[in-house]
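Going line by line, the protein sequences match chains R and X.
Take the first sequence: its position 79, counted from the start at 1, is 79 in the numbering used here, and no numbers get skipped.
Take the second sequence: its position 148, counted from the start at 1, is 148 in the numbering used here, and no numbers get skipped.
Even for Gly, the Cβ is constructed at its ideal location relative to N, Cα and C.
Encoded as structure tokens, the structure appears first; notes follow it.
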Amino acid sequence: MGRVTRTGGALLAGLVLLSAPAALALPKYRLIAAHQLGYDRDDPLWQLTRTVMPCTTCHVRPQGGPPWNAFGESLRAAFRAQPQTSFGEVLYAVLQAKADADGDGYPDALEFFAHTLPGDPKSRPDKTVAQLQAEFERAGGLAQYAPKK
Amino acid sequence: MPLDRRDFLKYSALAVAATSGMPGFLARAATQAGGTRTLVVIQLTGGNDGLNTLIPYSNGAYYAARPNIAIPKKDVLTLTPDLGMHPSLKPLTRLWDAGQLAWMENVGYPNPNRSHFASMAIWHTADPMQAQAEGWIGRIAEKIGDPFCASNLGSVTPLALRAADFSLPSIDSVDNFQVKLPAGLDSAFQAMLNTSRSGEAAYLQRATRQMLANTQKVQQNVSKYRPGVQYPEGRFAAQLQDTARLIAAGTGQRVLYLTLGNFDTHAGQRAEQDELLGQLASGLAAFQADLEAQGLSDRVIVMGFSEFGRRVAENASAGTDHGKGSVMFALGRGVKGGIHGDSPDLENLSEGDIQYKQDFRGVYAEALTKWLGLDARDILRGDFQGPGWVA
Chain R
1 MGRVTRTGGA LLAGLVLLSA PAALALPKYR LIAAHQLGYD RDDPLWQLTR TVMPCTTCHV
61 RPQGGPPWNA FGESLRAAFR AQPQTSFGEV LYAVLQAKAD ADGDGYPDAL EFFAHTLPGD
121 PKSRPDKTVA QLQAEFERAG GLAQYAPKK
Chain X
1 MPLDRRDFLK YSALAVAATS GMPGFLARAA TQAGGTRTLV VIQLTGGNDG LNTLIPYSNG
61 AYYAARPNIA IPKKDVLTLT PDLGMHPSLK PLTRLWDAGQ LAWMENVGYP NPNRSHFASM
121 AIWHTADPMQ AQAEGWIGRI AEKIGDPFCA SNLGSVTPLA LRAADFSLPS IDSVDNFQVK
181 LPAGLDSAFQ AMLNTSRSGE AAYLQRATRQ MLANTQKVQQ NVSKYRPGVQ YPEGRFAAQL
241 QDTARLIAAG TGQRVLYLTL GNFDTHAGQR AEQDELLGQL ASGLAAFQAD LEAQGLSDRV
301 IVMGFSEFGR RVAENASAGT DHGKGSVMFA LGRGVKGGIH GDSPDLENLS EGDIQYKQDF
361 RGVYAEALTK WLGLDARDIL RGDFQGPGWV A
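Here you go:
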């Protein structure tokens, strides 16, 4: 089969299939949170790695499911308190509370800013709270984590 | 000029044949003509919560199991003394009042599977044993020998529309269902098509020319469509409008398939499902009104499903987890409106879930036999009793 045939075949495949982007199956809450917190901003391939916004952001086990860690439980409690509120709004409300779910001294919002895990005390930013807080405010503060439209 | 369906089929088939390597099968397809009736299948991906869709509002067990997320009785759109619709489904009340909306209760299958992937595959293949690799709509295409008898509106063809040796086409956007060459390549492309070829190269060259001509014809016919109503904003409504355009253009598909996703409401269910059901209802109400305006409403029915329902009791995140039986819906002039089946028995659960009473294959069977005039036994590979939802 010659080059023309291969070209024609490729063309026809394109015509028939038109466009078929691969569907990447990821839990939707991870997708929403990553977008809302800007984790997808500089890395278009972030979904291909489990190190960006891993399941252990909220869950104890790397594969997700019960049980939840301290930050996950704070989200669950917020859902119970506001059962008609969307995930993005609940996440924002929890961050606005300026709580430190895992008790490591860093508020949850600062941990997200530093890309550490807010529900795991062993996962802590390298910088001091004061340094991180100053950088966080310069970057836009809590408002940058408001739900995206 | 009306679209010549036979030519359209023949040339589209030829192009598919060129990519799938089965010209024998597709040669037969060119001689097949479709019926005039269309079945529109709506897939609610993620596991739609049936109990908050068709609500047993007279049942105290429902409210006891869902202290945070139950639909308050005052908000329920009453249908019967025991059942009512979610308030976001209000755009469908006109169809209910007209006897054109049917709800099927307690729909499921033996040995339910709580995995999204496995359960969706069961609904797609119509085989709870998961022994069949091809989809039930793909089997329609095989049986009637028509590789263009159904299309998916979307970017990726679901398993339901895959046959043993080929996939039915996906149309991401009707407007894009044409060849758009990059600027400056037109003359080179035409030169390639006009060069004398022989053998397989000539076959592909001919198929390409014919495909170009036919996508052009589709666009010409689709361009004549004038919407009878204003559709709501959003991708799902746009896909429903594309569905109406295809039907109005006379492209002849027997089955058109659409998906509305994100029904996996593990947390904050009310916010999520309320919005999704609103999208579903407003889109379908516009679609039905459009078909009526086009004079096509006698030729189309809609059937909706989800891969499973959700647990009866809410979880600790104001959501619900994967369950078993759920509801299906259907609408259109060809539907026998009303509630088909009993209300779920919330005092007699199976591992905390509703027990299914109606096998979904019975619902499929009625669509195949009574609406599309096909042999359901042959396509579903068994006899299944339906609830009598097709008029």
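Going by other Cβ atoms of all chains shown within 10 Å of its Cβ, with 16 needed for buried, is K149 of chain R buried or exposed?
Classification of K149 of chain R: exposed, given that the 10 Å Cβ count is below 16.
Between the C-alpha atoms of M104 of chain X and I339 of chain X, what's the straight-line distance to the nearest angstrom?
Between M104 of chain X and I339 of chain X, the C-alpha separation is close to 6 angstroms.
Quick one: using the 10 Å Cβ neighbour count with 16 as the cut-off for buried, is S307 of chain X buried or exposed?
Per the sequence shown, the amino acid found at residue 307 of chain X is Glu instead of Ser. Classification for E307 of chain X: buried.
If you pair each beta-carbon of the stretch 286-294 of chain X with each one of the stretch 238-247 of chain X, do three or more pairs fall below 8 angstroms?
They touch, by the three-pair rule.
Check the Cβ of R310 of chain X against every Cβ in chain R and list those closer than 8 angstroms, keeping chain order.
Within chain R, no residue comes near R310 of chain X; the closest Cβ sits about 15 angstroms away, beyond 8 angstroms.
Which one of X:D186, X:L168, X:G341 has the shortest CA to CA distance from G135 of chain X?
Minimum Cα distance to G135 of chain X is reached at X:L168.
Going by alpha carbons, who is nearest to S173 of chain X out of X:V107, X:L258, X:G138, X:P128?
Of X:V107, X:L258, X:G138, X:P128, the residue nearest in Cα terms is X:L258.
Exposed or buried, which one is R74 of chain R when buried takes at least 16 other CB atoms within 10 Å?
The sequence given here places Ser at residue 74 of chain R; Arg does not occur at that position. So S74 of chain R counts as buried.
What residues in its chain sit with their C-beta under 6 angstroms from that of N48 of chain X, if we drop five residues either side in the sequence?
Same-chain partners within the cutoff: F263, S306.
Applying the 10 Å Cβ sphere with the 16-neighbour rule, what's the burial state of P182 of chain X?
P182 of chain X should be labelled exposed.
Consult DSSP for G283 of chain X and reduce its assignment to one of helix, strand or coil.
Helix at G283 of chain X.
Alpha carbons only, please: which of X:K336, X:Q100, X:L101, X:D127 is nearest the one belonging to N113 of chain X?
For the residues X:K336, X:Q100, X:L101, X:D127, the minimum Cα distance to N113 of chain X belongs to X:D127.
Just how far apart, CA to CA, sit F136 of chain R and L91 of chain R?
Each residue's alpha carbon lies about 17 angstroms from the other.
Does chain R have any CB closer than 7 angstroms to the CB of A267 of chain X?
Cβ-Cβ to chain R under 7 angstroms: yes for A267 of chain X.
To be precise: take each residue of the stretch 252-277 of chain X, compare its Cβ to all Cβ atoms of chain R, and keep it if any distance is under 9 angstroms. Which residues remain?
The stretch 252-277 of chain X vs chain R, Cβ under 9 angstroms: G261, N262, D264, H266, A267, G268, Q269, R270, A271, E272, D274, E275.
Please list the partners that Y29 of chain R has in chain X, where partner means a Cβ-to-Cβ separation under 8 angstroms.
Within chain X, the residues near Y29 of chain R are H266, A267.
What separation, rounded to the nearest whole angstrom, lies between the Cα atoms of L349 of chain X and R311 of chain X?
For L349 of chain X and R311 of chain X, the distance between alpha carbons rounds to 10 angstroms.
Would you mind telling me which residues of chain R sit closer than 9 angstroms to I69 of chain X, beta carbon to beta carbon, in chain order?
Near I69 of chain X (Cβ distances below 9 angstroms), the residues of chain R are P83, Q84.
For M399 of chain X, which of helix, strand or coil comes out of DSSP?
Chain X is shown from 1 up to 391; residue 399 of chain X falls before or after that span and cannot be answered.
Using a Cβ cut-off of 8 angstroms, pull out every chain R residue sitting near S317 of chain X, in sequence order please.
Those within 8 angstroms of S317 of chain X in chain R are L75, R76, F79, R80.
At the 7 angstroms Cβ level, is V94 of chain R part of the contact set with chain A, yes or no?
The chain labelled as chain A is not found among the protein chains of the depicted structure, namely R and X.
Taking one C-beta from the stretch 260-276 of chain X and one from the stretch 313-326 of chain X each time, how about it: are there three or more such pairs within less than 8 angstroms?
Counting Cβ pairs under 8 angstroms, three or more are found: they touch.
Quick check on Q216 of chain X: buried or exposed, where buried means 16 or more other Cβ atoms within 10 Å of its Cβ?
So Q216 of chain X ends up on the exposed side.
Do G334 of chain X and I301 of chain X have their C-beta atoms within less than 7 angstroms of each other?
Yes, they are a contact pair.
Quick one: give me the first and last residue of the alpha helix (DSSP H) that I32 of chain R is part of.
Counting along the chain, the alpha helix (DSSP H) containing I32 of chain R begins and ends at 28-36.
Give the range of the alpha helix (DSSP H) segment to which W136 of chain X is assigned.
136-144 is the span of the alpha helix (DSSP H), which, as asked, contains W136 of chain X.
Between A164 of chain X and the ligand GTP, is there a pair consisting of the residue's CB and a ligand heavy atom that are separated by less than 6 angstroms?
Ligands are entirely absent from the displayed structure, and the ligand GTP is therefore not among its contents.
Which term fits A141 of chain X, buried or exposed, when burial requires 16 or more other beta carbons within 10 angstroms of its beta carbon?
Its Cβ being crowded by 16 or more others within 10 Å, A141 of chain X is buried.
Any idea what DSSP makes of Q47 of chain R, helix, strand or coil?
Note: Q47 of chain R maps to helix in three-state DSSP.
When the cut-off is 7 angstroms and only beta carbons count, does F136 of chain R lie next to chain X?
Judged by the 7 angstroms Cβ criterion, F136 of chain R is not in contact with chain X.
Could you name the residues that DSSP lists as bridge partners for Q355 of chain X?
Q355 of chain X is not bridged to any residue.
What does DSSP give as the partner residue(s) for A102 of chain X in the beta ladder?
In DSSP, A102 of chain X forms a bridge with X:A330, X:G338.
Taking Cβ positions only, does F71 of chain R come closer than 7 angstroms to chain X?
With 7 angstroms as the cut-off, F71 of chain R does not count as an interface residue toward chain X.
How about D82 of chain X and S58 of chain X: are their beta carbons less than 7 angstroms apart?
Contact flag set, yes.
Kindly confirm or deny that the stretch 105-116 of chain R and the stretch 129-143 of chain R touch, where touching means at least three C-beta pairs closer than 8 angstroms.
Segments in contact, yes.
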